[in-house]
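In what follows, a structure is listed as structure tokens, so that the remarks can point back to it.
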Amino acid sequence: MVDTDNLSKVFDKNNKEHGEYEPLHKSIIEQRRSVIMYGGTKYTNELKRARKFLKLFGELRKIGMALMLDAQSIDNEERRIIRLANDHKFNDHHIIAIVVIGRCNIICSSDTDAYNHYKKRLYYPKHLRPKIYNGLASRGILN
Numbered sequence: 011m012v013d014t015d016n017l018s019k020v021f022d023k024n025n026k027e028h029g030e031y032e033p034l035h036k037s038i039i040e041q042r043r044s045v046i047m048y049g050g051t052k053y054t055n056e057l058k059r060a061r062k063f064l065k066l067f068g069e070l071r072k073i074g075m076a077l078m079l080d081a082q083s084i085d086n087e088e089r090r091i092i093r094l095a096n097d098h099k100f101n102d103h104h105i106i107a108i109v110v111i112g113r114c115n116i117i118c119s120s121d122t123d124a125y126n127h128y129k130k131r132l133y134y135p136k137h138l139r140p141k142i143y144n145g146l147a148s149r150g151i152l153n
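If you want the numbering used here, it's the 1-based position in the sequence shown plus 10.
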């Protein structure tokens, strides 16, 4: 699961921080070891604003490297997480919803303010404990 704020870092080789995210890029594009999960109203709207990545997501879907999850399922899960979170400063409930519905193992995000929420066991089923990829220091989680 790649937060839309990190799409440039992961997929734009001209981004100054791309080197930090290149192992994830390779895992998805070259090694085909990772699949991007996405969906839901909020993520889809964010993706539409990041227009240059819409075509990429379409191409990744064609080769099975991106999976668009059911929007209603994501939106319902997002509402459940909003109720549980009870934190008006946190605004990435949709990311956790995508992780839960898609059973994602990795969240790619630079939003350090959200990390505490991303790690809260309260939101996830017992078998799901996603790890956070935020640069080269966390590349070990890709193995």
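We treat Cβ as the ideally placed atom computed from N, Cα and C, and that holds for glycine.
Contact check for Ala76 and Phe67: beta-carbon distance about 5 angstroms, within the 8 angstroms limit, so the pair qualifies. When secondary structure is reduced to three states using DSSP, Ala147 falls in the helix class. Residue burial annotation: Gly112 is buried, with at least 16 other C-beta atoms found within 10 angstroms of its C-beta. Sixteen is the threshold: since fewer than 16 other Cβ atoms of the shown chains lie within 10 Å of the Cβ of Ala147, the residue is exposed.
Annotation for Ile84: Gly49, Gly50, Thr51, Tyr53, His104, Ala107, Ile108 and Ile111 place their beta carbon closer than 8 angstroms to its own, counting only its chain and skipping 5 residues before and after. Counting only the Cα atoms, Ile117 lies some 12 angstroms from Arg149. Classified as buried, Thr14 has 16 or more neighbouring CB atoms from the shown chains inside 10 Å of its CB.
Straight through space, the alpha carbons of Pro33 and Val20 are spaced by roughly 9 angstroms. DSSP places Ile84 within a helical segment (H, G or I) once states are collapsed to three. Residue burial annotation: Leu70 is buried, with at least 16 other C-beta atoms found within 10 angstroms of its C-beta. Rounded to the nearest angstrom, the gap between the Cα atoms of Arg89 and Tyr125 is 19 angstroms.
In the structure shown, Leu77 falls within a strand segment according to DSSP collapsed to helix, strand and coil. Under the three-state reduction of DSSP, Lys26 is assigned to coil, being neither helix nor strand.
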